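So in the numbering used here, spot 320 of the sequence shown is number 320, and the numbers just go up one at a time. The structure appears below as structure tokens.
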Amino acid sequence: MALLRSWIDSANTAETPFPLNNLPYGVFSVGEGDLRCGVAIGDRIVDVTGLEAAGVLRADPEADVLDAPAWNDFMELGPAAWARFRAGLTALLAEDAGEAARDAVTTYSVPLARATLHLPFRISEYTDFYAGKHHATNVGTMFRGPENALPPNWLSIPIGYNGRASSVVVSGTPVVRPWGQVKAPDAELPRFAPSARFDFELELGAVVGVPSEGMVSVAQADAMIFGYVLLNDWSARDIQAWEYQPLGPFQAKATATTISPWIVPAAALAPFRRPTPARERDLLPYLREPGPMLYDIALEVALAPDGGGETVIARTNYGEMYYSSAQQLCHHATSGCPMRVGDLLGSGTISGPEKGARGSMLELSWGGKEPVALTGGGERRFLEDGDTVTLRGHAQGAGYRIGFGECTGQLLPAREMPGWAKGETE
Ligand code: MN
Numbered sequence: 001m002a003l004l005r006s007w008i009d010s011a012n013t014a015e016t017p018f019p020l021n022n023l024p025y026g027v028f029s030v031g032e033g034d035l036r037c038g039v040a041i042g043d044r045i046v047d048v049t050g051l052e053a054a055g056v057l058r059a060d061p062e063a064d065v066l067d068a069p070a071w072n073d074f075m076e077l078g079p080a081a082w083a084r085f086r087a088g089l090t091a092l093l094a095e096d097a098g099e100a101a102r103d104a105v106t107t108y109s110v111p112l113a114r115a116t117l118h119l120p121f122r123i124s125e126y127t128d129f130y131a132g133k134h135h136a137t138n139v140g141t142m143f144r145g146p147e148n149a150l151p152p153n154w155l156s157i158p159i160g161y162n163g164r165a166s167s168v169v170v171s172g173t174p175v176v177r178p179w180g181q182v183k184a185p186d187a188e189l190p191r192f193a194p195s196a197r198f199d200f201e202l203e204l205g206a207v208v209g210v211p212s213e214g215m216v217s218v219a220q221a222d223a224m225i226f227g228y229v230l231l232n233d234w235s236a237r238d239i240q241a242w243e244y245q246p247l248g249p250f251q252a253k254a255t256a257t258t259i260s261p262w263i264v265p266a267a268a269l270a271p272f273r274r275p276t277p278a279r280e281r282d283l284l285p286y287l288r289e290p291g292p293m294l295y296d297i298a299l300e301v302a303l304a305p306d307g308g309g310e311t312v313i314a315r316t317n318y319g320e321m322y323y324s325s326a327q328q329l330c331h332h333a334t335s336g337c338p339m340r341v342g343d344l345l346g347s348g349t350i351s352g353p354e355k356g357a358r359g360s361m362l363e364l365s366w367g368g369k370e371p372v373a374l375t376g377g378g379e380r381r382f383l384e385d386g387d388t389v390t391l392r393g394h395a396q397g398a399g400y401r402i403g404f405g406e407c408t409g410q411l412l413p414a415r416e417m418p419g420w421a422k423g424e425t426e
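Shown next as structure tokens:
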């Protein structure tokens, strides 16, 4: 696949994350204006809410599905409508577009630099998985020792937990260090304290665009995925270590989950498909992949101390995952649990086999034992107040890239302890 050329010059460079091949879905506002649906192209955002109202490009002839501060109503139309809309928008932006198309897009577009970006969809539900084998092996080794690193079910089940949709925030939103129950390994009893081992997790999030009312095959699940976002599953490791058995993480992962502002369409990633790695144990037939369902997406994590320059602390690839989002979604639906439009599925932390490819501070510093050096001086075992964590990712084509935009967040200090937590009465 080569670069598709646009009459918008900034979309034709090798570096832009948003060439014509991408066309990611976002929600933006300018100044005090309304929230509108937009599609990124080069250094601009096409105001597709405006194009719909003007009758230039309609996703649905009957209803103004883009007259909303979210893409959910558009997703409801289903894959055939997504493809028609994408083809229509591609025609308006392609190099050979006529003058009328260019005039309309010029009227209904704004510079990306002037826009504020918001959550691109209403998150119906949020589930997070644990599907990276390098990550699961590393974490299991630290928590339970090398003999019991992978739980006995891990090679058979894409393990996950039900997270909180209410905690999902858009890139740029600050995150406040949480309080919680923590217990030192040698202490007899827990304490209530701010998390001292606060961490990030580098993940990809799949956005479900087609609902289900029962079981679906892996192939059907794959076709239900509307697109992908970068996702940071902020995690309090000390809270997690004390609470996680027997039902898994709860408060440790409920503080916040940050996603990138653009949903990259599954269609834009199609040329970058790659299969999951060789199975170490045969999967049950329902979970077998009918074709390559991972993607070759280069990923990195950068950390910047408050007021300081950033250090790239990890580089890895989404192709390292053991289970694809399609396999996770198929497994999720086996219970009969209805999947909804706007369901968000976190991939699980994406770590590669090498030390510099680990997708969390827990792994990079090996539980705090091996601090990570920062370029501007200083080192990190876990995140410190004021640190900004930025995830980036792109699929590399021949002379173009499909980017996600940044997924960033700054960690703010814990709030003051309320009187009730100290045992003070009113
Ligand atoms: Mn996670």
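Every residue, glycine too, gets a C-beta built ideally from N, C-alpha and C. Since the model is a prediction, treat every value here as computed from it, not as a measurement.
Check, Outcome
"Cβ-Cβ separation, F18 to H118 (assumed contact under 8 Å), whole Å", "17 Å between Cβ atoms; not a contact."
"E201 beta carbon near the ligand MN (any heavy atom closer than 6 Å)", "yes"
"DSSP state of S124 mapped onto helix, strand, coil", "coil"
"Collapsed DSSP secondary structure at A267 in the structure displayed", "helix"
"At least three beta-carbon pairs within less than 8 Å, the stretch 78-95 to the stretch 50-57", "yes"
"Beta bridge counterpart(s) of F129 as assigned by DSSP", "G160"
"Cut-off 6 Å between Cβ atoms - residues of its own chain near G403, not counting five sequence neighbours on either side", "P17 and H394"
"F74, buried or exposed, once every other Cβ within 10 Å from all chains shown has been counted against 16", "buried"
"The ligand MN heavy atom lying under 6 Å from the CB of D128", "yes"
"Y286 classed as buried or exposed, judged by whether at least 16 other C-beta atoms fall within 10 angstroms", "exposed"
"Start and end residues, beta strand (DSSP E) containing W82", "Careful: W82 lies outside any beta strand (DSSP E), inside the alpha helix (DSSP H) at P79 to L93."
"M361 to R381 span [Cα, whole Å]", "7 Å"
"N- and C-terminal bounds of the beta strand (DSSP E) containing I45", "R44 to D47"
"S212 in three-state terms, based on DSSP", "strand"
"Beta bridge counterpart(s) of P111 as assigned by DSSP", "R44"
"First and last residue of the uninterrupted beta strand (DSSP E) at L329", "First-last for L329: S325 to A333, but that is the alpha helix (DSSP H), not the beta strand (DSSP E)."
"Three CB pairs or more closer than 8 Å across the stretch 359-377 and the stretch 276-290", "no"
"Own chain residues within Cβ distance below 8 Å of W179, not counting five before or after", "F192, A193, P194, S195, A414, R415, M417 and A421"
"Residue environment, E203, which counts as buried when at least 16 other CB atoms sit within 10 Å", "buried"
"Member of Q240, L247, N148 and H331 whose CA lies at the smallest distance from the CA of S156", "H331"
"D233 beta carbon near the ligand MN (any heavy atom closer than 6 Å)", "yes"
"Sub-7 Å separation of P24 and I297 beta-carbons", "no"
"Inter-stretch contact at 8 Å, needing at least 3 Cβ pairs: the stretch 119-127 / the stretch 245-252", "no"
"Of the residues L3, N153 and V46, the one placed nearest D282, counting alpha carbons only", "N153"
"For G319, the three-state DSSP class (helix, strand or coil)", "helix"
"Neighbourhood of A131 by C-beta distance below 7 Å, restricted to the same chain and skipping five residues each side", "P158, M321, Y322, Y323, Q328, S347 and G348"
"Nearest-angstrom Cα separation, counted from D233 out to S166", "13 Å"
"Distance between beta carbons of P338 and V213, contact taken as under 8 Å", "The identity of residue 213 in the sequence shown is Glu, whereas the question assumes Val. Going by Cβ atoms, the distance from E213 to P338 rounds to 6 Å, so yes, they are a contact pair."
"7 Å Cβ cutoff met for A314 and T388", "no"
"Within 7 Å, strictly: CB atoms of L436 and T311", "With the chain covering only 1 through 426, there is no way to say anything about residue 436."
"G308: first and last residue of the uninterrupted alpha helix (DSSP H) it sits in", "Careful: G308 lies outside any alpha helix (DSSP H) and carries neither H nor E."
"Residue of V105, A270 and D47 minimising C-alpha distance to A223", "A270"
"Beta-carbon contacts of V450 that lie in its chain and below 8 Å, excluding the five residues immediately before and after", "It is not possible to answer for residue 450, since the shown part of the chain is limited to 1 through 426."
"Spatial distance of F198 from K133 (CA atoms)", "22 Å"
"Segments of 4+ residues assigned as alpha helix (DSSP H) that fall wholly inside the stretch 332-392", "361-364"
"Cβ-Cβ distance between F272 and Y295 below 7 Å", "yes"
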